[in-house]
Each structure stands twice: as structure tokens, then as C-alpha cells.
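Counting from 2, one number per residue, gives the positions in the sequence shown under the numbering used here. Note that the Cβ used here is the ideal one computed from N, Cα and C, for glycine as well. Computed from a predicted structure; not experimentally measured. The structure appears below as C-alpha cells.
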Amino acid sequence: GLEQLGAEITLDEGYVKARVDGRLKGAHIVMDKVSVGATITIMTAAVLAEGKTIIENAAREPEIEDTANFLNTLGAKISGAGTDS
């Protein structure tokens with residue numbers, strides 16, 4: 002997911018690191034499996050991305066809606082939280 006937004010992912014001494022030159026770019030992401038943690042991570046990163054991001058097969062738990070509502074209060078424009086896209 003983060004790689005599709007333009008991040009470079011590396012594993013360094015047991016830590017997963019993500020970096021990008023410039024800005025993340027919006028993308029259409031189809032998740033292989035439903036994951037609350039991955040959905041929140043991608044959703045949060047996408048807020049900083051340039052352009053629109055669509056996440057398909059996203060988790061639908063209440064935590065996803067809560068996170069989207071919180072990010073929207075900070076100025077994000079997230080819709081569809083709590084659905085699979």
C-alpha cells in the first residue's frame with residue numbers, strides 16, 4: 002500500500018522504514034486481505050498524498066470510521082469509511 006503511494010520501504014535492524022523523495026502520490030490500492038492496521042496506515046499516509054486515493058477491500062471496523070472522522074476534523078476529505086472502499 003505505501004509503496005503504491007510512492008514510498009520506498011526498507012527493513013533496517015528489525016525496523017520497517019518508509020521514505021519518499023518529495024510527496025506521496027494518490028493511488029488506487031486494492032488490499033490483498035482485510036486489515037485494520039494496514040487500512041489505518043494507508044488512510045493516514047494518503048491524507049498527506051498529492052491527489053486522490055481509493056482503498057479497495059478496506060477494513061470496516063469502527064476504528065476505521067473513528068480514524069477517518071478524526072482525520073476529517075483535521076482537514077482531510079475522507080469518504081466511504083466503514084465500507085470496503
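E66, DSSP secondary structure in three states: On the sequence shown, position 65 is the one that residue 66 refers to. Under the three-state reduction of DSSP output, E66 falls in the helix class.
For E51 and R24, believed in contact at Cβ under 8 Å, the rounded distance: If you number the sequence shown from 1, residue 24 lands on position 23. If you number the sequence shown from 1, residue 51 lands on position 50. Contact flag correct, Cβ pair sits at about 5 Å.
Sub-9 Å separation of A19 and I30 beta-carbons: Walking along the sequence shown from the start, residue 19 turns up at place 18. Walking along the sequence shown from the start, residue 30 turns up at place 29. Cβ distance not < 9 Å, so A19 and I30 don't count as in contact.
Identity of the residues DSSP links to K26 by a beta bridge: Taking the first residue of the sequence shown as 1, we reach residue 26 at position 25. K26 is bridged by DSSP to E51.
Whole-angstrom distance between V17 and G7, CA atom to CA atom: Position 6 of the sequence shown holds residue 7. Position 16 of the sequence shown holds residue 17. Between G7 and V17, the C-alpha separation is close to 16 Å.
I65 to L72 span [Cα, whole Å]: Taking the first residue of the sequence shown as position 1, residue 65 is located at position 64. Taking the first residue of the sequence shown as position 1, residue 72 is located at position 71. Each residue's Cα considered, the two are about 11 Å apart.
Nearest to A39 (by Cα), restricted to the options E14, E4, D22: Taking the sequence shown and counting its residues from 1, one reaches residue 39 at position 38. Its Cα nearest to that of A39, the residue E4 stands out among E14, E4, D22.
Outcome for G15 when other beta-carbon atoms lying within 10 angstroms are tallied against a minimum of 16: Working through the sequence shown from its first residue, we reach residue 15 at position 14. Under this definition G15 is an exposed residue.
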